[in-house]
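A.B. asks: From first to last, the protein sequence lines are chains V and U. Going by the working numbering, the first sequence opens with residue 33, and the numbers climb by one from there. Going by the working numbering, the second sequence opens with residue 10, and the numbers climb by one from there. Glycine included, C-beta positions come from ideal geometry on N, C-alpha and C. This one's a predicted model, so the numbers in the text were calculated from it and none came from an experiment.
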Amino acid sequence: MKSRLREEFYKTGRFKDFPVYDLHGHMGSLCAIHFPAPDADSMVKSMEKSGVKMLVFCHHAALLSPDIGNRANIEAVRRYPERLRAYCAINPNHPKIIEKDLQSFDRYYGNTYVGFKFLASYHGCSITNPRYESALNMAEERKLMVLLHTWGSSDLCGPAQVRKIAEKYPGARILLGHSCHNAWDEAVKLTKDFPNVYLELCAVLNDRGPLEKLAGEADTGRIVFGTDLPWFSYNYYIGAVLGADITDETRIKILSSNAEKLLSEHIEIPS
Amino acid sequence: MKFKFFDANLYVGRHAKTVYKPAAEAEELIKEMDRQSIEKAIVWHIAQHNFSPAEGNAMLSAMIRKHPRLCGCWTILPPQTGEVITRCFFRDMKENRIAALRAFPDIHRFLLNRTVFGGFLDEVSDRKIPLLLSMEKGCSWEGVYNLLEQYPALLCILCDIGVWGTNRYTWPLLENYKNVYLETSLLAIGHEQVEAAAKKFGAGRIVFGSGFPERYPESSICEVLHCNLLDSDKKKISWTNLDSIISGVRL
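#1: Along chain U, in chain order, which residues have C-beta atoms closer than 8 Å to that of residue 261 of chain V?
#2: For residue 145 of chain V, which residues does DSSP report across the bridge?
#3: Hey, does residue 58 of chain U have any beta-carbon neighbour from chain V nearer than 8 Å?
#4: Considering only the alpha carbon of each residue, which of V:104, V:62 and V:117 lies closest to residue 89 of chain V?
#5: Out of U:61, U:23, U:208 and U:10, which has the shortest C-alpha to C-alpha gap to residue 180 of chain U?
#6: Would residue 235 of chain U pass as an interface residue toward chain V - the criterion being a Cβ-Cβ separation below 8 Å?
#7: In the DSSP assignment, the alpha helix (DSSP H) including residue 78 of chain V goes from what residue to what residue?
#8: So, is the C-beta of residue 238 of chain V closer than 8 Å to a C-beta in chain U?
#9: Quick check on this structure: which residue in U:78, U:111, U:80 and U:156 has the alpha carbon closest to the alpha carbon of residue 94 of chain U?
#10: Expressed to the nearest angstrom, what Euclidean distance is found between the alpha-carbon atoms of residue 108 of chain U and residue 255 of chain U?
#11: Using DSSP with H/G/I as helix, E/B as strand and the rest coil, what is residue 53 of chain U?
#12: Compare the C-beta of residue 197 of chain U with all C-beta atoms of chain C and state if any pair is closer than 8 Å.
#13: Which chain V residues are close to residue 174 of chain U, counting only those with a beta carbon under 7 Å from its beta carbon?
#14: Between residue 61 of chain V and chain U, is any beta-carbon pair separated by less than 8 Å?
#15: Comparing C-alpha positions only, which one of U:159, U:163, U:160 and U:152 sits nearest to residue 178 of chain U?
#16: When DSSP labels each residue in this structure, what does residue 209 of chain V get in the three-state scheme?
#17: Reducing DSSP to helix, strand and coil, say where residue 54 of chain V ends up.
#18: Pick helix, strand or coil for residue 38 of chain V, following the three-state DSSP scheme.
#19: Could you work out which residues of chain U lie near residue 41 of chain V, taking near to mean beta carbons separated by less than 7 Å?
#20: From this set, V:127, V:107, V:51 and V:93, which residue's C-alpha is nearest residue 82 of chain V's C-alpha?
#21: Quick one, which residues of the segment 155 to 189 of chain V are near chain U if we go by CB-CB under 7 Å, in chain order?
#22: With a threshold of 8 Å between beta carbons, is residue 231 of chain V in contact with chain U?
#23: For the beta strand (DSSP E) containing residue 20 of chain U, list its first residue and its last residue.
#24: Which residues in the same chain as residue 18 of chain U place their Cβ atom closer than 6 Å to its Cβ, once the five residues preceding and following it in sequence are excluded?
#25: At a Cβ threshold of 8 Å, is residue 267 of chain V touching chain U?
#26: Strictly under 8 Å for the Cβ-Cβ distance: is residue 296 of chain V near chain U by that measure?
#27: What in chain V is Cβ-close to residue 78 of chain U, meaning under 8 Å?
#28: Are the C-beta atoms of residue 304 of chain V and some chain U residue less than 8 Å apart?
#29: Quick check on the DSSP output: what are the complete alpha helix (DSSP H) runs of length 4 or more inside the segment 163 to 217 of chain U, in order along the chain?
#30: What are the boundary residues of the alpha helix (DSSP H) that includes residue 154 of chain U?
#31: Among residues of its own chain, excluding the 5 on either side of residue 248 of chain U, which ones have a beta-carbon nearer than 6 Å to its beta-carbon?
#32: Using the C-alpha atoms, what's the distance from residue 157 of chain U back to residue 149 of chain U?
#33: Alpha carbon to alpha carbon, how far is residue 275 of chain V from residue 28 of chain U? Give it in angstroms, no decimals.
#34: Determine, using beta-carbon pairs with one atom in the segment 194 to 205 of chain V and one in the segment 170 to 185 of chain V, whether at least three such pairs fall under 8 Å.
#35: Is the segment 258 to 275 of chain V in contact with the segment 213 to 225 of chain V, if contact means three or more CB pairs nearer than 8 Å?
#36: Candidates U:71, U:210, U:118 and U:87: which alpha carbon is nearest residue 129 of chain U's?
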């Protein structure tokens, strides 16, 4: 299939007619992997090169080091307010920290946060656990984005758990990080049953085929691009979107307009 | 600058499991390569892995016969059983235009070490025949480390190295064994991983691979085209390194 976007990106490494948005990022080092360039400066440089206008991320320290917590997110966004927004990390094993973060949420809403990030399989606590409720209630009231790490085989953050959350909190914008990886039928079904569920493509793009399935069966207006940056490369993942058997119109929705619509509910996107 | 690509890592044939739009025949593979501007490739047949190395090797040889853009890659098994490695093995490789070998020790239930392969892999090393090892298909890091300790001169291309950055596994190998190369189909997935490996060990240690049909060739191509390296380094990765390896094979 001939693609104008494919030709353009091959030639220039970016798109001139629309910006890319990345709704699934991280930042900073991590014990199980060596990242050559995990700092904010390097990440923003890569964004600029690939034409990525905004990244919504959650710092590894915020997710995995309660001693540092969401301060890591706040400091990074403060340095790059035109480029970065954060998901406030919710670690269910530390309810007092959650309470404190929610109390100060208003101070950072819009200028730093656009929602929450749950990493249930790493925290060892199902997304249906009541410890997430205070954050989910806030997301429900304010239509915040909630980026869930989801995996098809998980009993902490698999399709069955997502279903319960999506049903109970219809106002929250629930982003299925990794789209319930490898449980593609269930992921599609979730989007059909719940208008507040979105499919996010990080790790989906590692293999040929799943994107074609999701884009063929789910509403293409609810598929968003994400890279886990600094894990995965913009060139590689944009290349995958360009390689998939989908139309350029769908590619633009996935890479740009769907995310822009979601973000514009919470922030004025810098021109 | 226009780059041409020599692909170290793609296969032909239908997988026993579901794989999205594979190239069942060589002609389909060539068509896909044309679409991607991949000029040449080292190709293997998925039946070598899933069904029978001996029969898969034969299927591959028949498929590539009419296609000079495809260099063949056979799969080896322990010499003792005589299923693949025979007295005329290297002559047969030459006659069938086979330029590389693969091994899947964990799937095919053998150990890739000196007790099993003895002088055979010394001869493979001497003949500079690349041995391609897929870290997603039947090889462990411990197995690779043991193999290279016993055959330090072996020309070894590590493929499908994993989606989690694997520098802690691969960099000690690049540091200690000058004939070890990394293939890009998953190296390139990592943010600035191609650049990091090239800056530390030289772009001469990286060869292009698409991972087709399991991965989008566009992914690896876009990373090679747009990574933060000089065009001369990109050219090495996209073409020159693998071309030199294949030109250096002595059969």
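C.D. replies: Checking against the coordinates, here is how it stands:
#1: For the purposes of this step, residue 261 of chain V is taken as residue 229 along the first sequence, with counting starting at 1. Those are 200, listed as they occur along chain U.
#2: Here residue 145 of chain V is taken as the residue at index 113 of the first sequence, counted from 1. According to DSSP, which records beta bridges pairwise, residue 145 of chain V is partnered with V:118 and V:141.
#3: On the second sequence, residue 58 of chain U is found 49 positions in, with the first residue counted as 1. Judged by the 8 Å Cβ criterion, residue 58 of chain U is not in contact with chain V.
#4: If you number the first sequence from 1, residue 89 of chain V lands on position 57. It is V:117 whose Cα lies nearest to the Cα of residue 89 of chain V.
#5: The sequence position of residue 180 of chain U within the second sequence is 171, counting from 1. Minimum Cα distance to residue 180 of chain U is reached at U:208.
#6: The residue given as residue 235 of chain U occupies position 226 in the second sequence. Residue 235 of chain U counts as touching chain V.
#7: Position 46 of the first sequence, counted from the start, is the residue given in the question as residue 78 of chain V. Segment 72 to 82, the alpha helix (DSSP H) holding residue 78 of chain V.
#8: Numbered from its first residue, the first sequence carries residue 238 of chain V at position 206. It does: the Cβ of residue 238 of chain V has a partner Cβ on chain U nearer than 8 Å.
#9: Position 85 of the second sequence, counting from 1, holds the residue named residue 94 of chain U. It is U:111 whose Cα lies nearest to the Cα of residue 94 of chain U.
#10: Start at 1 with the first residue of the second sequence, and residue 108 of chain U comes out as number 99. Start at 1 with the first residue of the second sequence, and residue 255 of chain U comes out as number 246. Each residue's alpha carbon lies about 6 Å from the other.
#11: For this step, residue 53 of chain U is matched to residue 44 along the second sequence. In the structure shown, residue 53 of chain U sits in a strand (DSSP, three-state: E or B).
#12: Although the question refers to chain C, the structure presented lacks it and instead comprises the protein chains V and U.
#13: Indexing the second sequence from 1 puts residue 174 of chain U at position 165. Result: 65, 66 and 67.
#14: Indexing the first sequence from 1 puts residue 61 of chain V at position 29. No, residue 61 of chain V does not count as interfacial toward chain U.
#15: On the second sequence, residue 178 of chain U is found 169 positions in, with the first residue counted as 1. Nearest C-alpha to residue 178 of chain U: U:152.
#16: Here the question's residue 209 of chain V lines up with position 177 in the first sequence. Strand at residue 209 of chain V.
#17: Position 22 of the first sequence holds residue 54 of chain V. Three-state DSSP puts residue 54 of chain V in a strand.
#18: Locating residue 38 of chain V in the first sequence gives position 6, counting from the first residue. DSSP places residue 38 of chain V in helix when its eight states are reduced to three.
#19: To locate residue 41 of chain V, count along the first sequence from 1; it is residue 9. Per Cβ cutoff of 7 Å: 231.
#20: Taking the first sequence and counting its residues from 1, one reaches residue 82 of chain V at position 50. Checked all of V:127, V:107, V:51 and V:93; the closest Cα to residue 82 of chain V is V:51.
#21: none
#22: Stepping through the first sequence from its first residue, residue 231 of chain V is reached at position 199. With 8 Å as the cut-off, residue 231 of chain V does not count as an interface residue toward chain U.
#23: Position 11 of the second sequence, counting from 1, holds the residue named residue 20 of chain U. 14 to 21 is the span of the beta strand (DSSP E), which, as asked, contains residue 20 of chain U.
#24: Stepping through the second sequence from its first residue, residue 18 of chain U is reached at position 9. The residues are 168, 192, 194, 218 and 220.
#25: To locate residue 267 of chain V, count along the first sequence from 1; it is residue 235. Residue 267 of chain V counts as touching chain U.
#26: Translated into the one-based positions of the first sequence, residue 296 of chain V becomes position 264. By this cut-off, residue 296 of chain V is not an interface position.
#27: Here residue 78 of chain U corresponds to residue number 69 of the second sequence, with the count starting at 1. Here the premise fails: no neighbours, minimum Cβ distance about 21 Å.
#28: Outside the displayed span of chain V (33 to 303) sits residue 304 of chain V, for which this structure offers no information.
#29: 176 to 185, 193 to 196 and 202 to 210
#30: Looking up residue 154 of chain U in the second sequence gives position 145. Start and end: 150 to 159.
#31: By one-based count along the second sequence, residue 248 of chain U stands at place 239. Only 13 and 15 meet the Cβ criterion.
#32: Working through the second sequence from its first residue, we reach residue 149 of chain U at position 140. Working through the second sequence from its first residue, we reach residue 157 of chain U at position 148. Spanning the two alpha carbons is a distance of roughly 13 Å.
#33: Here residue 28 of chain U is taken as the residue at index 19 of the second sequence, counted from 1. Here residue 275 of chain V is taken as the residue at index 243 of the first sequence, counted from 1. Looking at the two C-alpha atoms, the distance is approximately 15 Å.
#34: yes
#35: no
#36: What you label residue 129 of chain U is simply residue 120 of the second sequence in a count that begins at 1. It is U:87.
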